Amino acid sequence: MQNTQPSTQVMAADAAEPGRWMHQLASRLFPIHRSMSGEGNRETLRVLNEYVPVKIHEVPTGTPVFDWTVPREWSIRDAYVADDQGRRIIDYRQSNLQIVNGSNPLRARMTWAELKPRIHTLPEHPDWIPYRTDFFTDGWGFCMSQRAFDHADGQVGDRQLEVVIDASYADGSLTYGEVFLPGKTDRELLLYAHLCHPSLANDNLSGIVIATRLARELASAERYYSVRIVFAPATLGAITWLAINEANLSRIDHGLILTLLGDRAPLSYKRSRRAHAVVDRAAEYLHEAGTIGSLHEFSPLGYDERQFCSPGIDLPMGRLMRSEHGQFDQYHSSGDDLDFITPRALEESLDACRSLIHILENNRTYQNRKPKGEPQLGEYGIYRAFGKADDRGQLQEAILWLLNLTDGTNDLLSISRRSGLPFDLLDRAAKLLLSHDLIVHSEESYDDCHIL
Ligand code: ZN
């Protein structure tokens, strides 16, 4: 069932059609049984490593990570319920969602009536199989569609069934992957996508393929920031990564959690705990520009912002997504399949990430070197450099705003907000002033205190 042959289609679509490229990569990863730990996670990272240099890290069972301990590794080979003819009524080989993720091993004979309380279905969506997990009890269970359940219910009677979960818990490790792309400085931009769900597309293959695509694009671009991309299981993976990398967290200037980015709902951004970090203000700018549909305040619920924005960590890390988790019918069910995500939505999400990163890369703070009165711009040849006549007026306006507000405490986002001028226009004007030595980069940090 785990067909992950190299896909020539993925490679062929690389340059021209990012949406299709990402969808094809998601299709390739879809059958792999990812979980909190285990071989499926390693296999996923090995596939990603064919496209971007992923370093695979293994954190051994028993390693303390803040208030937690890395658990034993769960492995599964097969799981089924078969009738007395050997026919499989429930079959892990048909869908890895059919086993409750984390189920304990079992070999037993029991009747359908005895088995039924262990079976999860979605009566309101009778053709979908639910996705369920149970890692922290000694439990086990199966999932199936309501339709298949009803069929079995009418057929099986009181015959003995063979119930097999060929799984194990053993000392092993928690696996995560990292892509590191050095920039001009060691200041870092962190992108994070959770990797722990089996055959589900939006949650979170969408985040994984967008992060992978971004890594490919950013690898060939000249950047101020070093970019670190982390693929790890939700919750415990994020906690593990943070615990292991705690000494280096101060390098991270901006972060973004990428999840649920392939469905058709509009884009939404959830602010970091800091609320007005640069990444939050960049997202606010894109919201006002119409790129991001909605902005949400921080809350300690949801995805791995619960860890990255916990009070003792408090990274400037927002979350980009489309549909809210738990708020769409297909959530955590086989309805979240490859048809639920679209190349178009993936590409639009990718575009929003590119725009956000573009702003973070160029959002500098400058200092005016001639702050007493306006400088005599004609003397510097600035007007000749204005270029096309049609935007001269706007560029001149941008220059005047910049010369006034570049006092070392306002970054370009702040100046854009106060002037109402587009970020890219201000960036262009700033680079012009910089080239004429009228402003210099400010040494001061441009963190979240400069709100106008
Ligand atoms: Zn989930």
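Each residue of the sequence shown is one higher than the last, beginning at 94 in our numbering.
Where a beta carbon is used, it is the ideal one built from N, C-alpha and C, also for glycine.
Note that the structure is a prediction, hence the values are computed from the model and not measured.
- Segment contact: the stretch 279-295 against the stretch 239-251, fewer than three CB-CB distances shorter than 8 Å; contact not assigned.
- Runs of the alpha helix (DSSP H) lying entirely within the stretch 227-265 and spanning at least 4 residues, in chain order: 239-248.
- Residue pairing by DSSP puts Ile350 in a beta bridge opposite Tyr285 and Arg412.
- Around the CB of Ser507, 16 or more other CB atoms lie within 10 Å, so the residue is classed as buried.
- Considered as a whole, the stretch 280-332 harbours 281-287 and 319-325 as its complete beta strand (DSSP E) runs of no fewer than 3 residues, in chain order.
- The stretch 314-333 makes no contact with the stretch 364-384: fewer than 3 CB pairs, one atom from each, lie closer than 8 Å.
- Closer than 7 Å to some heavy atom of the ligand ZN: that does not describe the Cβ of Asp397.
- His451 has its CB no nearer than 7 Å to any heavy atom of the ligand ZN.
- For Gly348, the closest alpha carbon among the candidates Phe421, Ile450, Thr502 and Glu339 is that of Ile450.
- For Arg165, the secondary structure class from DSSP, reduced to helix, strand or coil, is coil.
- Not one heavy atom of the ligand ZN lies closer than 7 Å to the C-beta of His213.
- A distance of 8 Å or more separates the beta carbons of Trp334 and Tyr262.
- Note that the C-beta distance between Thr458 and Asn497 is not below 8 Å.
- Beta-bridge partners of His534 (DSSP): Tyr459.
- In the structure shown, the three-state DSSP call for Val147 is coil.
- Met115 carries a helical assignment under DSSP once its states are collapsed to helix, strand and coil.
- Contact between Glu440 and Pro111 is confirmed by a C-beta separation of about 5 Å, below the 8 Å threshold.
- Ranked by Cα distance from Gly466, the options Arg202, Leu531 and Asp220 are led by Leu531.
- Selection around the ligand ZN by beta-carbon proximity, strictly under 6 Å to any non-hydrogen atom, yields His290, Asp296 and His425 in chain order.
- Put simply, the stretch 255-274 touches the stretch 194-211. At least three CB pairs are less than 8 Å apart.
- The way I'd put it, the stretch 298-307 doesn't touch the stretch 155-172; fewer than three beta-carbon pairs between them come closer than 8 Å.
- Under the three-state reduction of DSSP, Ser343 is assigned to helix.
- Out of Ile183, Arg113 and Tyr473, the CA that lies nearest to the CA of Leu526 is found in Tyr473.
- Across the structure, Leu274 and Ser512 are spaced so that their CA atoms are roughly 34 Å apart.
- Proximity to Tyr173 across Pro153, Pro157, Ile212 and Ile149 peaks at Ile212, based on C-alpha coordinates.
- Counting along the chain, Thr204 sits inside the beta strand (DSSP E) bounded by residues Leu199 to Thr204.
- When Cβ pairs closer than 8 Å are counted between the two stretches, the stretch 384-397 is seen to touch the stretch 411-423, the count reaching three or more.
- When the Cα atoms are used, Arg181 and Ala175 turn out to be separated by approximately 4 Å.
- The closest CA to that of Ile385, considering only Arg364, Gly395, Ser403 and Pro404, is found on Arg364.
- Of Pro468, Val372, Glu339 and Asn455, the smallest CA-CA separation from Gly405 is found for Glu339.
- Checking the DSSP bridge columns, you'll see His126 has no partner listed.
- Following the DSSP letters along the chain, one finds Tyr224 in no alpha helix (DSSP H), marked with neither H nor E.
- Scanning Asp520, Asn461 and Glu490 for the CA closest to the CA of Gly501 turns up Asn461.
- Collapsing the DSSP output to three states places His380 in a helix.
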